[in-house]
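Residues in the sequence shown are numbered from 1 upward in steps of one, following UniProt numbering.
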Amino acid sequence: MNRDLQTDIANVFSRMELNRRHMMVSGLAAAGFALAVQPIGAATVITDTRGIDTSDVKIKVGEETLLGYRAMPAKGGPFPVVLVVQEIFGVHEHIKDICRRFAKAGYYAIAPELYFRQGDVSKLKSIDQILPIVAQVPDAQVMADLDATVNFAQESGKGDVAKLGITGFCWGGRIVWLYAEHSQQLKAGAAWYGRLVGNVTENQPKHPVNIAADLNAPVLGLYGGKDQGIPLDTVEQMRTALKKAKVDAEIVVYPNAPHAFLADYRPSYVEADARDAWQKMLAWFNQYGVA
């Protein structure tokens with residue numbers, strides 16, 4: 001890792017520490033988080049907007065409008081682009097904060113609302129209410145919406161899509177693998193605890209293990225050894241499948257981490273592993289031209 005990148009990583013985490021708040025679970029403190037993730041934990045990171053520009057955005061997809069959130073440095077550009085793919089809970093405050101963290105590190109980060117046709121999950125109070133909506137979201141629709149988001153970033157004049165990366169979490173982690181097979185523009189991806197195998201459905205005809213040999217961009221997988229939803233045997237299946245990949249791919253497993261170990265607003269957060277994985281992601285992007 002070069003010295004400049006080490007400095008960037010150190011600065012990002014220094015800012016994250018400076019902006020950590022011990023949040024009370026009431027009123028304003030919980031604003032912006034999906035109802036299904038309440039109460040919000042005391043370790044929640046809030047990244048400020050000093051030196052960066054943030055806004056809600058409207059992305060045209062044919063005759064439809066895809067909403068999203070964008071963060072980038074306040075001055076300069078164009079900047080390397082990172083697509084930030086939501087958790088199952090949608091583009092709530094944690095995903096927006098991820099965008100701000102990328103902006104502090106010099107990226108144009110954008111998170112599109114990828115369920116908008118099927119429903120607003122932010123107002124739902126339980127995972128049992130959310131899952132039926134998410135099951136209706138076709139992978140092909142998601143790929144097209146991400147392509148439209150890339151076009152939006154390029155047309156803004158502030159995003160350098162020749163330096164295009166993608167990262168995603170939980171539901172979005174699976175999407176990272178799929179987009180790395182779909183896109184010819186993508187330079188690198190980082191998939192955080194995304195499901196690797198599953199049943200074939202009309203909306204989900206393939207899973208990461210099925211397309212591992214066809215990846216068009218290097219992907220770093222970041223997984224927890226104690227993730228009860230993603231058994232380690234499926235991680236090993238993916239590692240085996242990746243041996244046939246024509247690009248670099250790597251899976252890192254943190255032995256004592258559960259699912260969602262980066263999610264600082266939840267009890268699953270493991271700070272040491274989250275820090276290390278974030279560093280590995282930035283180094284991966286730097287190595288493969290997303291910097």
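Note that CB positions come from ideal geometry on N, CA and C, so glycine has one too.
The model shown is predicted, which means the values in this text are computed figures rather than measured ones.
Could you say which of the options lies nearest to residue i if we only look at CA atoms?
i: K104; options: A153, G41, V61, I52; result: I52
i: V247; options: I130, R50, R266, L215; result: L215
i: H38; options: S55, R50, K125, Y69; result: Just to set this straight, residue 38 is Gln in the shown sequence, not His. Measuring from the Cα of Q38, the nearest candidate turns out to be K125.
i: Q184; options: I166, G172, W171, G173; result: I166
i: W171; options: P138, G159, A153; result: P138
i: Y107; options: V176, K60, M72, A245; result: M72
i: S122; options: I98, G221, V91, E63; result: V91
For residue i, does the three-state DSSP call read helix, strand or coil?
i: P73; result: strand
i: D97; result: helix
i: S122; result: helix
i: G32; result: coil
i: P138; result: coil
i: T201; result: coil
i: K246; result: coil
i: E271; result: helix
i: F152; result: helix
i: F79; result: strand
How many angstroms separate the CA atom of residue i from the CA atom of residue j?
i: Q129; j: A36; result: 9 Å
i: Q141; j: P267; result: 32 Å
i: N199; j: V150; result: 29 Å
i: H259; j: E250; result: 18 Å
i: F285; j: I40; result: 30 Å
i: T49; j: K96; result: 11 Å
i: T54; j: R100; result: 8 Å
Pull the bridge partners of residue i from the DSSP assignment, please.
i: K58; result: L67
i: W192; result: F169, L222
Inter-stretch contact (C-beta, 8 Å, three-pair minimum) for the stretch 110-117 and the stretch 68-76:
yes
I'd like to know if the stretch 200-210 and the stretch 153-169 are in contact, where contact means that at least 3 CB-CB pairs between them fall below 8 Å.
The stretch 200-210 is not in contact with the stretch 153-169.
Are the stretch 235-244 and the stretch 270-285 touching by the rule of at least three beta carbon pairs closer than 8 Å?
no
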